[in-house]
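Below: one structure, written as structure tokens.
Number of protein chains: 2
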Amino acid sequence: MPPAPGDREARRKDVSEAVWRVLADKGFGGLTLRSVATAMNVSTGMLMHYFPTKRALIAHALDLLEKRTAERPRRERPAEGLASVRAMLLDILPLTGDDTARNRIWVSSWDLALADEGLATGQADRYTRLRATIRPHLEAARALGELPTTADPEQLAATAVAFTHGLVVQALFDPGRFPEGVQAAMLDDFLASLGPGRT
Amino acid sequence: MPPAPGDREARRKDVSEAVWRVLADKGFGGLTLRSVATAMNVSTGMLMHYFPTKRALIAHALDLLEKRTAERPRRERPAEGLASVRAMLLDILPLTGDDTARNRIWVSSWDLALADEGLATGQADRYTRLRATIRPHLEAARALGELPTTADPEQLAATAVAFTHGLVVQALFDPGRFPEGVQAAMLDDFLASLGPGRT
DNA sequence: TTACGTACCGAACGCATGTTACGTACCTGG
DNA sequence: CCAGGTACGTAACATGCGTTCGGTACGTAA
């Protein structure tokens, strides 16, 4: 029997940490077995014990990205409606260092995803799920009178996601111009513009 | 003297075409001297005659991307104000095959740009210029009463760019869900929501 | 104890990459 | 005509990559 049955998951966690560090400052283009190995001061052969091929490592990196995104600390959800949408989008924006790293890695993964059909549909599904998560809150907002009665929640969800991720990209490239306050103000103005009150 | 002084630029144009083809379906991660060479049925040595190093080839690819973006066919600009902004943003969205390829290559370049400080500031500057191009039209729109008098043109330009590029990314990954009509409708609704009329 | 399977290292392999060197064809200037 | 420089192609080079292989240490099972 294996000498340390519980260590295996612990080791994989160590590898995950090293993969994350590499991705955060080199991106997927700089993700290599040796870079990960030297980042945790082990040999490449050790990596192969836990991830038999590089595809497996990349798959693990993407899983890790999705997992860390799902398990990131989130704001409490305030009252239903646009306030909830605001909290969800604030949780996406690169306001803290961790958020910045996570977003940076997501953007980096797009190069890979666009070149691989399987990864591309995975990313498309992820967007679909994100819109589906936001949509009920927009429906609630409409019911509360925070949106025009003619508003299309599905389309608005796509618009909100578009605004948010477009802001993410601009903020990643020019963090000095998009500090936390600016991002929050842009989000608030964007959400306010969705409100009813026009002819 | 060189045997064909005018051919040099013609040859570089051929190389550009091959580089473009490679980028369009492999991205920057798949841009290699041999992939370009085989894409135009020549040897790698021939490439080195025109681009002595790979950095030069990458720099040329980025220049090409910027040039093709700048020189792409554009809609006529209608009346000043939001209608002009609409035309500018429509010119960005991936509505045609060429637009899709161009946007795909831009997104692919972000992985490279985020890992290289020089390229990152270049991309940041590009965004600054794009916002600066849109901003005067937003000021005109405000003067025309198409925007609230309290509107901040610089911030609105950033918001419009964010919405547009966020939509670009979603559309690239899920073109079936974002056909031309959907993208245009989203843009129109987004611009309409900026209008005055609220308390 | 022995036997065995796991964990891991270090070195090597095969391959693709960027780059360089050498050779040849060709056009141009004298 | 010839001399020389340019435009390639061919072949080799060194490097870094993913992957494989033998070997050692160790803990468990019998």
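Quick note, the sequences are listed as chains A and B, same order. Position 60 (the first sequence) corresponds to 60 in full-length UniProt numbering; numbering is contiguous. Position 129 (the second sequence) corresponds to 129 in full-length UniProt numbering; numbering is contiguous. Backbone N, C-alpha and C define an ideal beta-carbon position, used for all residues, glycine too. A quick note: this is a predicted structure, and the numbers were derived from the prediction, not measured.
Per-residue DSSP class, three states only, for residue i
{"i": "residue 178/B", "result": "coil"}
{"i": "residue 164/B", "result": "helix"}
{"i": "residue 121/B", "result": "helix"}
{"i": "residue 105/A", "result": "helix"}
{"i": "residue 145/A", "result": "coil"}
{"i": "residue 51/B", "result": "coil"}
{"i": "residue 84/A", "result": "helix"}
{"i": "residue 27/A", "result": "coil"}
{"i": "residue 43/B", "result": "coil"}
{"i": "residue 66/B", "result": "helix"}
{"i": "residue 156/B", "result": "helix"}
{"i": "residue 136/A", "result": "helix"}
{"i": "residue 91/B", "result": "coil"}
{"i": "residue 32/A", "result": "coil"}
{"i": "residue 97/B", "result": "helix"}
{"i": "residue 76/B", "result": "coil"}
{"i": "residue 71/A", "result": "coil"}
{"i": "residue 151/A", "result": "coil"}
{"i": "residue 195/A", "result": "coil"}
{"i": "residue 116/B", "result": "coil"}
{"i": "residue 1/A", "result": "The predicted model places residue 1/A with a pLDDT of 42, which falls under 50 and marks its position as unreliable, so this point remains unresolved."}
Within chain B, the residues that residue i reaches when beta carbons sit closer than 7 Å
{"i": "residue 186/A", "result": "155, 158 and 159"}
{"i": "residue 27/A", "result": "111, 114 and 115"}
{"i": "residue 124/A", "result": "173 and 174"}
{"i": "residue 162/A", "result": "163, 166, 167 and 170"}
{"i": "residue 190/A", "result": "159"}
Partner residues on chain B for residue i, Cβ-Cβ distance less than 8 Å
{"i": "residue 55/A", "result": "Those within 8 Å of residue 55/A in chain B number zero; the least Cβ separation is about 14 Å."}
Residue i, buried or exposed, once every other Cβ within 10 Å from all chains shown has been counted against 16
{"i": "residue 88/B", "result": "buried"}
{"i": "residue 179/A", "result": "exposed"}
{"i": "residue 103/A", "result": "buried"}
{"i": "residue 190/B", "result": "buried"}
{"i": "residue 9/A", "result": "exposed"}
{"i": "residue 111/B", "result": "buried"}
{"i": "residue 164/B", "result": "buried"}
{"i": "residue 125/B", "result": "exposed"}
{"i": "residue 131/A", "result": "buried"}
{"i": "residue 142/B", "result": "buried"}
{"i": "residue 23/A", "result": "buried"}
{"i": "residue 186/A", "result": "buried"}
{"i": "residue 94/A", "result": "buried"}
{"i": "residue 43/A", "result": "exposed"}
{"i": "residue 150/B", "result": "exposed"}
{"i": "residue 30/B", "result": "exposed"}
{"i": "residue 135/B", "result": "buried"}
{"i": "residue 146/B", "result": "buried"}
{"i": "residue 198/B", "result": "Unreliable positioning characterises residue 198/B in this predicted model, as indicated by a pLDDT of 47, which lies under 50. The coordinate reading is nonetheless provided below. Exposed: under 16 other Cβ atoms inside 10 Å."}
{"i": "residue 45/A", "result": "exposed"}
{"i": "residue 86/A", "result": "buried"}
{"i": "residue 3/A", "result": "For residue 3/A, the predicted structure reports a pLDDT of 49, less than 50, and the residue's modelled location is therefore unreliable. A value from the coordinates is still provided. Result: exposed."}
{"i": "residue 27/B", "result": "buried"}
{"i": "residue 99/A", "result": "buried"}
{"i": "residue 159/A", "result": "buried"}
{"i": "residue 113/B", "result": "buried"}
{"i": "residue 192/A", "result": "exposed"}
{"i": "residue 162/B", "result": "buried"}
{"i": "residue 171/B", "result": "buried"}
Per-residue contacts from residue i into chain A (C-beta, under 7 Å)
{"i": "residue 165/B", "result": "166 and 169"}
{"i": "residue 127/B", "result": "170, 173 and 174"}
{"i": "residue 36/B", "result": "Correct list: empty, because the minimum Cβ distance to chain A is about 16 Å."}
{"i": "residue 108/B", "result": "111 and 114"}
{"i": "residue 120/B", "result": "173"}
{"i": "residue 104/B", "result": "114"}
Chain B contact residues for residue i, given Cβ-Cβ distances below 9 Å
{"i": "residue 138/A", "result": "Near residue 138/A there are no residues of chain B at all, since even the closest Cβ is about 13 Å away, more than 9 Å."}
{"i": "residue 194/A", "result": "193"}
Under 8 Å from the C-beta of residue i: neighbouring residues of chain A
{"i": "residue 43/B", "result": "The contacting residues do not exist; residue 43/B stays about 25 Å from chain A at best."}
{"i": "residue 30/B", "result": "115"}
{"i": "residue 98/B", "result": "Within chain A, no residue comes near residue 98/B; the closest Cβ sits about 16 Å away, beyond 8 Å."}
Proximity test, residue i beta-carbon vs the ligand GTP heavy atom, cut-off 7 Å
{"i": "residue 157/B", "result": "The model on display carries no ligand, and the ligand GTP is accordingly not part of it."}
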